[in-house]
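Sequential numbering from 140 applies to the sequence shown in the numbering used here.
Virtual Cβ for every residue (Gly too), placed ideally from N, Cα, C.
The model shown is predicted, which means the values in this text are computed figures rather than measured ones.
To start, the structure itself, in structure tokens.
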Amino acid sequence: MIILAATPIGNLGDASQRLIDALENAQVVASEDTRTTQRLLAALGIQNRPRLIALHDHNEKARAAELVELARATDVLLLSDAGMPTISDPGFGVVATAAGAGVAVSVLPGPSAVLAALAVSGLPTDRFTFEGFVPRKAGERRSALSALGAERRTMVFFESPSRLATTLADM
């Protein structure tokens, strides 16, 4: 089975007991940055030393089939550096490959930057859309934002601190 597990997004206290239990028992963990995963294991006091496999944007296509094959024999825990795998992070390709191969996928819910941002925004939360990261290039960013101009639902975006002012100006 592939298990998507949410990790803390800024406060280690947000680690769920289910995440801690899964890390204590995992044999295989696929994550964006194995160094970040090692720091998380240490910070949570996890003594288990699972096999760590790097899974990031540059290798996900190549690794998806390998992880799905491993998941036929043992649970494979999928982590992002912060938050939920597949949400503007690697993992979608693994989930799609697993679904196509008939391998079960489960989720350990937890912290969500999308929902945290929405909850504190003061904007309507009954209908919203998540747009992920806007394009980095100015022309592509302006075009993408312009295409969303007629959208009436609350929109949530991710943006890096260094590009935030420029993106807001383009809105």
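Beta-bridge partners of Arg-211 (DSSP): none assigned. Apart from the 5 residues on each side of it in sequence, Gly-232 sits with its Cβ closer than 7 Å to the Cβ of Glu-199, Lys-200, Ala-203 in its chain, given in chain order. Note that the region 177-191 does not touch the region 234-242; fewer than 3 beta-carbon pairs, one per stretch, sit closer than 8 Å. Within the same chain, Asp-153, Ala-154, Ala-221, Pro-250 come within 7 Å of Pro-147 by CB-CB distance, once the 5 residues on both sides are set aside.
Following the DSSP letters along the chain, one finds Ser-170 inside the beta strand (DSSP E) bounded by residues 167-170. Taking the Cα positions, Glu-290 is about 45 Å away from Ile-185. Proximity to Glu-279 across Thr-293, Thr-306, Phe-269 peaks at Thr-306, based on C-alpha coordinates.
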